[in-house]
Amino acid sequence: MEVIAIGSDHAAFELKENIREFLIESGYKVIDMGTDSSRSVDYPDFGIAVGEAVSRGDCDRGIVICGTGIGISISANKVKGVRAAACSDPYSARLSREHNNANVLALGARIVAPEYARSIVREWLDAKFLGGRHQKRIQKIARYESGDPQWKQ
Ligand code: RB5
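So the number in my numbering is just where the residue sits in the sequence shown, counting from 1, plus 8.
Here is the structure:
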């Protein structure tokens, strides 16, 4: 069973609960990393927590949600090995898997309605990395991230 870690800030608490239910109904195991209410919190706490869970291999993939999906994706992307994609439509979500092998999906609760968010998540979960020419490009990102001065070669 595929394991998905999920986290949000207060602005996205309700959508995070909705997506958690959707994941469970769809047969995924979910690690809920908070937040647990609409009380104001800081999105980096949750973006980085989910990113670290992905990076450690505690889960297969992660989903992070804040008001826009921007702050929490920037945060998750600071964790080594994380490729977080902020998506507000199903096509971008699919391509973020097929081309970028995104291991974290970021959503904006103030950007997408809950039903549409579910369709974005569904597309992202079902899509597979295509490899090939795309592999070499994500390898460049990884080599840069590791401090390899020859990362472009
Ligand atoms: C919180 O008000 C908001 O700034 C946050 O959810 C997010 O949209 C940041 O990128």
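Built from N, CA and C at the ideal position, the CB exists for glycine as well.
Nearest to E25 by C-alpha distance, out of G42, R145, V11, is G42. Under the three-state reduction of DSSP, K136 is assigned to coil, being neither helix nor strand.
Nearest neighbour of A114 by Cα position, chosen from S63, I80, H142, turns out to be I80. Relative to H18, the option among A117, M9, I71 whose CA is nearest is A117.
For N109, the closest of S83, H142, P98 by C-alpha to C-alpha distance is H142. In this structure R105 is buried. Its beta-carbon is surrounded by 16 or more other beta-carbon atoms within 10 angstroms. In the structure shown, S16 falls within a strand segment according to DSSP collapsed to helix, strand and coil.
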